[in-house]
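Numbering (our numbering), first residue to last: 1342 to 1434.
Just so you know, even glycine gets a beta-carbon here, dropped at the ideal spot from N, CA and C.
Note that the coordinates shown come from a computational prediction; the quantities given were computed from them, not determined experimentally.
Structure record follows, encoded as structure tokens.
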Amino acid sequence: MSKVARKILTPSTLAVGLAVSLLADLATAGDQLVAHRAPVVTDFKVDGQVFRSEIDSYIRALNAELRLTLDQDLRRDLAPKLEFASNELRARG
């Protein structure tokens, strides 16, 4: 590309870029703004005994599940491992 073509191309590229950006600004100006509001807070009254019993039952169930999983993992890891005698000769150095 010659220097003359490059000099002509640069101002026209700048003008096109400026026009496109102005058109993009105009296009977004028509968008509606959405107002977000805080959610409505409702008061719930929960009996302390009911809450405590629900939490206790959840923790008991979680503990039982964890115990079961850990026992299975330990059984798998501590299973007796047998090594059968092999026929290979060991080099003594």
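I need the boundaries of the alpha helix (DSSP H) containing residue i, first residue and last residue.
{"i": "T1383", "result": "Per DSSP, T1383 belongs to no alpha helix (DSSP H) and is neither H nor E."}
Put residue i into one of helix, strand or coil per three-state DSSP.
{"i": "R1393", "result": "helix"}
{"i": "A1379", "result": "coil"}
{"i": "D1388", "result": "coil"}
{"i": "L1419", "result": "coil"}
Taking the alpha-carbon of residue i as reference, which of the options has the nearest alpha-carbon?
{"i": "Q1390", "options": "S1398, D1384 and T1383", "result": "S1398"}
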